[in-house]
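A.B. asks:
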Amino acid sequence: MSIEELMGELHKLKRADKLRAIQALAQDLAVEEETLVPNAHYEVWSPFDSASTANALLNMLNKSERTF
């Protein structure tokens, strides 16, 4: 089946079925990429206990609030 035929058939689907197709394709792409290894441990940095970083984030938030 060509991509044009497939797209034509997808356009005929009901909304819920379109969303299921999107989810299935997104899952396939995620599995193909495998950027993260299942059950592996990854370090996540946090500004917790970092006063200078917390102040920088607070300044950015305050600045963005003034622009709205």
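For the sequence shown, this note's numbering assigns the number 4 to the initial residue and increments by one for each residue that follows.
From the three backbone atoms N, C-alpha and C, an ideal C-beta is built for every residue, glycine too.
(1) Using the C-alpha atoms, what's the distance from ARG23 back to MET1?
(2) How many Å lie between PRO41 and ARG69 at the Cα?
(3) Which whole-angstrom value is the C-beta distance of LYS21 and LEU13, which I expect to be below 8 Å?
(4) At what residue ranges does the region 38-68 contain a whole run of the beta strand (DSSP E), taking only runs of 3 or more?
(5) Please report the straight-line C-alpha distance between GLU8 and LYS15, rounded to a whole angstrom.
C.D. replies: Judging by the given coordinates:
(1) Summary: the structure shown does not reach residue 1, with the chain confined to residues 4 through 71, and so no result is reported for it.
(2) Walking along the sequence shown from the start, residue 41 turns up at place 38. Walking along the sequence shown from the start, residue 69 turns up at place 66. Whole-angstrom Cα-Cα distance: 42 Å.
(3) Locating residue 21 in the sequence shown gives position 18, counting from the first residue. Locating residue 13 in the sequence shown gives position 10, counting from the first residue. Indeed they touch by this definition, with Cβ atoms about 7 Å apart.
(4) none
(5) Residue 8 sits at position 5 when you count from the first residue of the sequence shown. Residue 15 sits at position 12 when you count from the first residue of the sequence shown. Computed Cα separation, rounded: 11 Å.
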